[in-house]
Structures are given as C-alpha cells and as structure tokens.
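Counting with numbering that gives the first Met the number 0, you get residues 0 to 369 for the letters of the sequence shown. Ideal Cβ positions, reconstructed from N, Cα and C, are used throughout, including at glycine. The block underneath contains the structure these notes are about, expressed in structure tokens.
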Amino acid sequence: MLQLLSEFVDEVLYERFYERVLRIPPNAMLSDVALKNAPNVQAITVAAPNNQLISLLVTRSGIRSITGEFRKLHRLEFLNLEDGSLETLSLDPFANSPKISNLVCTGNKITELIPSQNASLVIPLLDLMLGYNWLETVNADFFLPLHKLVFVTFEGNRIQRIEGRPIALPMVRIMSFVQNQLTQLDVSQWQVPELVELYLDNNNLTRIPIGIERLPNLITLVVPNNQLTVVDLRRLQGWSSLLKIDVVGNRIRNVIVSGTGRITLPNLELINLANNQLTQAEYARWDFPQLATLTLANNRLHQLPDLFQIFPNLRRVVAVQNPLLCKNVRRWQQYIVDFKLNIDSTFFGIPCTTNSSFVLSTNREVCCVE
0 MLQLLSEFVD
10 EVLYERFYER
20 VLRIPPNAML
30 SDVALKNAPN
40 VQAITVAAPN
50 NQLISLLVTR
60 SGIRSITGEF
70 RKLHRLEFLN
80 LEDGSLETLS
90 LDPFANSPKI
100 SNLVCTGNKI
110 TELIPSQNAS
120 LVIPLLDLML
130 GYNWLETVNA
140 DFFLPLHKLV
150 FVTFEGNRIQ
160 RIEGRPIALP
170 MVRIMSFVQN
180 QLTQLDVSQW
190 QVPELVELYL
200 DNNNLTRIPI
210 GIERLPNLIT
220 LVVPNNQLTV
230 VDLRRLQGWS
240 SLLKIDVVGN
250 RIRNVIVSGT
260 GRITLPNLEL
270 INLANNQLTQ
280 AEYARWDFPQ
290 LATLTLANNR
300 LHQLPDLFQI
310 FPNLRRVVAV
320 QNPLLCKNVR
330 RWQQYIVDFK
340 LNIDSTFFGI
350 PCTTNSSFVL
360 STNREVCCVE
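Have a look at this one:
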C-alpha cells in the first residue's frame, strides 16, 4: 500500500499501521511519513538510497534498535520514535544524513547509549530527546559526534552517574536531567561554553554539582527536590547572567556566603527557598540589586530583617508556614498590608495554627508565635 501511495502523494499519515515491516519503496517521492500507532512494526527497511524523505514518525512500535537501513535516508531531518521498544541507541546509522536535526526517542526502553567507534563521525543534531527511558548510566563518549547539539533531555530515566570522558558539547544551551537518581554530579571538566540552563530537579543530590563555578553563563540554577542541606552562594560569584535560583524542596538549613565580603549577582531576579529547613540566611551579604521575588515559605524562620530595605527592587516576599515571632512580624505590618510580605493569616478563612496572632489596621488577622 505504501509503495502505491508513494507514487501519488508526498505525505502519508496512518492512525494505525498493522504490518510488521515499514518498507520505504525505491524511488518513493514521500517527504513525510507518520505512523501514529504501529504496534506490529519490528523493522524499517529502505529499498534504495532515498533523497526525498525528510520526516519520519513511528510511535508505539516494536522496533528495538535503529539499524544501518537509515544510512540510505540521505535527506532525513526529523525522526520521532516515541513510546516504542528501543533498547539501545547508536548514532552511526545517521552517518549519511547530513541534515538530521531532531531525534526524539522519548518513552522507550533504552538502557544503553552506544558510542561510535568512528572518530570522524559528525551528526548535526540540534535537539535530542531521550526522556522516560531505562538509562542508569550515560557514557559521555556518545556525545562526541554531536558538535551542533543545542538541546538534550534525559528526564524520567534512572541515571545514577555519567561515565567516560567529560561531556563536550560546544553548542549545547539546555540540558535536563530531571527526575533521575543522581547523588552527585561533577561538571568541573565539562566543555559546554554555551550552556545557559541545567535542570536537576527531582534527583538525590546532596550538594550543588562539583565544579558549578565553571559554568558562569547559566541563567538559572535549578536543583529543587533533592537532598541539599546547605547552599554556599559564594560558588556563584561572577555569574552575571544568573536570573533565578530554585532550590525548593530540599533539606537546606542554612544559606551561607563563604569567605569575606558580599556576593554580587547583578541580574538575579528570583530566589525560591521554599519547603526546606531554613533557620537563617546571611541576607545582608547578598548584593542582588535586581532581586524582585524571594520565596521562603514552609521553613523554620523565627524572624526576618527588613528585606525591602536590603533589596531595593524587591516586590514580594512569601514567608507563609514559618514560626515567625510576633515581635518581629509587628515591625513589618505595612508590608503585610501592602501585600508585599505574605505570611500566615486568616485572610482565606483558615484559622491560625500558631499560639498567637494580632489584627492589622485592615482587620486582617495575622498569625505569629509569642
């Protein structure tokens, strides 16, 4: 059927495909083939070198590996093999695809990324999506042919470590290791000069990655829902592009600035320290002139300094679910009235769980601890 169609159309979409083999016919004029549900497909064969096919989507298939048949797809740019049965992944089959830019293998059963033995191999991928597979380790040698890679995601795997030589991706800007099993990460030798976003949510990291100082172009530091107990902001000195720090949901007891003097982050706009065990922070040593939002919710803070005096552009502080002392909170009544400082109150009809409270000039009851 596909051979017949290929003589009359250049795009084919199957909502469900029943054959065991997807055959790309010789002299096919198809530029776009999509099989949205192909549970019986075990293999893809290409009858002859093909200079027409640009986009190939085969989802929910039984294909276990990408084979050498793909070497015949000379014009392939987009390959999507989502929600299938892939067990391994090699880049060698794309050696003759000089325009390949997007590879999506999300939701398969990949346990191994196989490094190429061809030292001269260059694969021009821009986006590589490997989320929700079964990877436990990543061999960084796999990345060697990917000189142009910009975006790579490994979210939802089981990654515990990165092996081999240090990651070298000269053009990569975004990397995601969200929802894995990393307990530590050493980026001190990574060669990623363009990296601006590194996502490490939902791992088991007990410290900020080793060598993070060598990634000064990051615009976000995102390490929520890990096992951090302390954060030393001095390690971020010189990060002139940093906009956001998100370490929500850890076990942080203290945010420190090691050494002497203040830490300057000239463009930092947001800090989220919610859902930790924070008892103190050296706010006075933070030189963050653009800080606009500070979230301290659900910690163990007893008092707050005049944060709006320390940070001239601060617009909002969220400090609900903290055992703040009444004598401290009373000092900041105007900030509370102006909705700049958000702390526990009965504003939404929820009674105070603290042992005391007082009423603002607006008749709003504020919760606190005596």
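How would you call residue i, buried or exposed, if buried means at least 16 neighbouring beta carbons within 10 angstroms?
{"i": "alanine 118", "result": "exposed"}
{"i": "aspartate 371", "result": "The first residue shown for the chain is 0 and the last is 369, placing residue 371 beyond what the model contains."}
{"i": "leucine 3", "result": "Below a pLDDT of 50, predicted positions are generally treated as unreliable, and leucine 3, at 49, falls in that range; the measurement from the model is reported next regardless. Leucine 3 comes out exposed."}
{"i": "leucine 81", "result": "Residue 81 is actually glutamate in this sequence, not leucine. Buried is the call here."}
{"i": "phenylalanine 347", "result": "exposed"}
{"i": "leucine 88", "result": "buried"}
{"i": "glutamine 178", "result": "buried"}
{"i": "glycine 278", "result": "The sequence given here places threonine at residue 278; glycine does not occur at that position. With fewer than 16 Cβ atoms within 10 Å of its Cβ, threonine 278 is classed as exposed."}
{"i": "threonine 182", "result": "exposed"}
{"i": "valine 191", "result": "buried"}
Where does residue i fall in DSSP's three states?
{"i": "tryptophan 285", "result": "strand"}
{"i": "asparagine 49", "result": "strand"}
{"i": "aspartate 200", "result": "coil"}
{"i": "lysine 71", "result": "helix"}
{"i": "leucine 85", "result": "coil"}
{"i": "leucine 235", "result": "helix"}
{"i": "isoleucine 270", "result": "strand"}
{"i": "isoleucine 109", "result": "coil"}
{"i": "glutamate 14", "result": "coil"}
{"i": "aspartate 9", "result": "coil"}
{"i": "glutamate 76", "result": "coil"}
{"i": "phenylalanine 93", "result": "helix"}
{"i": "arginine 59", "result": "coil"}
{"i": "glutamate 364", "result": "strand"}
{"i": "arginine 22", "result": "strand"}
{"i": "isoleucine 349", "result": "coil"}
{"i": "isoleucine 211", "result": "helix"}
{"i": "leucine 3", "result": "With a pLDDT of 49 at leucine 3, under the threshold of 50, the modelled position of that residue is not reliable, and the figure given next carries that caveat. Helix at leucine 3."}
{"i": "serine 355", "result": "strand"}
{"i": "isoleucine 218", "result": "coil"}
Using C-beta distances below 6 Å, list every residue in its chain close to residue i, excluding the 5 sequence neighbours before and after it, in chain order.
{"i": "glutamate 268", "result": "Leu242, Gln289, Ala291"}
{"i": "leucine 184", "result": "Pro208"}
{"i": "aspartate 126", "result": "Asn101, Phe150"}
{"i": "serine 240", "result": "Asn216, Ile218"}
{"i": "serine 351", "result": "According to the sequence displayed, residue 351 carries cysteine and not serine. Closer than 6 Å at Cβ, skipping near neighbours: Cys366."}
{"i": "leucine 232", "result": "Val256, Ile262"}
{"i": "isoleucine 113", "result": "Thr87, Ser89"}
{"i": "aspartate 245", "result": "Val221, Pro223, Asn271"}
{"i": "glycine 258", "result": "Arg233"}
For residue i, which of the options has the nearest alpha-carbon?
{"i": "arginine 206", "options": "Val254, Tyr17, Val137", "result": "Val254"}
{"i": "leucine 204", "options": "Val195, Val186, Gln180, Gln188", "result": "Gln180"}
{"i": "serine 360", "options": "Ile122, Gln333, Val368, Val171", "result": "Gln333"}
{"i": "glutamate 162", "options": "Val103, Gly155, Glu196, Val186", "result": "Val186"}
{"i": "arginine 250", "options": "Thr182, Leu214, Val229, Lys35", "result": "Val229"}
{"i": "glutamate 18", "options": "Ile62, Phe93, Phe287", "result": "Ile62"}
{"i": "isoleucine 53", "options": "Val40, Asn36, Lys71, Ile65", "result": "Lys71"}
{"i": "leucine 303", "options": "Val358, Leu124, Leu340, Tyr198", "result": "Leu340"}
{"i": "methionine 28", "options": "Asn49, Pro38, Glu14", "result": "Asn49"}
{"i": "asparagine 201", "options": "Val328, Asn156, Pro165", "result": "Asn156"}
Enumerate in chain order the residues of its own chain whose CB-to-CB distance from residue i is below 7 Å, with the five nearest sequence positions on each side excluded.
{"i": "glutamate 68", "result": "Ile43, Thr44, Val45"}
{"i": "arginine 330", "result": "none"}
{"i": "proline 144", "result": "Leu90, Ser115, Leu120, Val121, Ile122"}
Within the same chain, show all residues whose beta-carbon is closer than 8 Å to that of residue i, passing over the 5 residues directly before and after it, in chain order.
{"i": "alanine 273", "result": "Val247, Gly248, Thr294, Leu295, Ala296, Asn297, Asn298, Val317"}
{"i": "methionine 170", "result": "His146, Lys147, Leu148, Val149, Glu193"}
Can you check whether the C-beta of residue i is within less than 8 Å of a C-beta belonging to chain C?
{"i": "glycine 237", "result": "Among the chains of the structure shown, chain C does not appear; only one protein chain is present."}
Sequence ranges, beta strand (DSSP E) only - wholly within the segment 278-343, length at least 3 = Given a length threshold of 3 residues, each whole run of the beta strand (DSSP E) inside the segment 278-343 is given here in chain order: 292-294, 315-317.
Whole runs of the beta strand (DSSP E) within the segment 122-206, excluding any shorter than 3 residues = 126-128, 136-138, 150-152, 160-162, 173-175, 196-198
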